[in-house]
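*Asks:* Here the numbering used here is used: the first residue of the sequence shown is 600, the next is one more, and so on.
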Amino acid sequence: MKRWKGYIFIGMLFVFLQGCSFMYQNSTPESSAIIDLTNSEEEFLITPLTGVDQNGEAWSTDEMADTWWVAKTIFSRCPTVCMTMTPNMVKLQEAIVDEGLDVEIISFTVDPEFDTPERMAEYGEAYGASFDNWRFITGYTEEEIVEFVLDSFRAPVMRVEEQNDISHPTRFYLMNGHEIVRMYKGDEGFDLDATIKDMAGLIK
């Protein structure tokens, strides 16, 4: 039964990637760094999720309804992309402050059993994140975050046991309340200047 579920999931993922290929067909210089979702035929909306932050304080998507915010997925034991993505987000946080933008940053762990609030606090501190406008969210089940990321960001979260890794999206997602309006490249292709310029143009 589990094998059949795996086949079904892979099939659904293939169909989704084929269906969303329109988002990657722009050949402009910034297309690899910025994807505008407001031009798509459907709204990209996040689904409900509750958890706690690095201080153990309750958090919910409900409280983000009237907020500009940037979301990303991480986990503290990540041996690969997080070591590029999180420093890039620190740079973006500094640029957000310099621009005077009222933007929150939310990082969702995809390894919630291991990533306690205390570990999330240690992780943020290790990378030099400021907790003034950046919260690291845990406190849900692994099943809940897998479903949330798939339904909201249209991307899979999958354990890669042989590599002690968890595959998760590398984009930064700009949200206006519950609507995802932009996807920014968050790994090696991260373009700080283009990203902050685009954000400022939307928010100011």
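Cβ coordinates follow ideal geometry from the N, Cα and C atoms, glycine included.
#1: Identify which residue in Val709, Glu778, Val748 and Phe713 has its Cα closest to the Cα of Arg758.
#2: Determine the DSSP secondary structure at Lys803, reduced to helix, strand or coil.
#3: Scan the stretch 703-783 and note each continuous beta strand (DSSP E) run of 3 residues or more that stays entirely inside, going in chain order.
#4: Judging by CA-CA distance, which residue of Gly788, Glu656, Thr685 and Leu773 is the nearest neighbour of Thr666?
#5: Ile795: buried (16+ other C-beta within 10 angstroms of its C-beta) or exposed?
#6: Please tell me whether Thr737 and Asp764 are closer than 8 Å, where the distance is taken between their beta carbons.
#7: Would the stretch 728-735 count as touching the stretch 690-706 if we require 3 or more Cβ pairs under 8 Å?
#8: Any idea if Asp797 is buried or exposed, counting beta-carbon neighbours within 10 angstroms, 16 or more meaning buried?
#9: Can you tell me whether Leu700 sits near the ligand MN, meaning its C-beta is under 7 Å from at least one heavy atom of the ligand?
*Replies:* Once the coordinates are examined:
#1: Val709
#2: coil
#3: 703-708, 733-736, 757-759, 764-766 and 770-775
#4: Leu773
#5: buried
#6: no
#7: yes
#8: buried
#9: You won't find the ligand MN in this model; it holds no ligand whatsoever.
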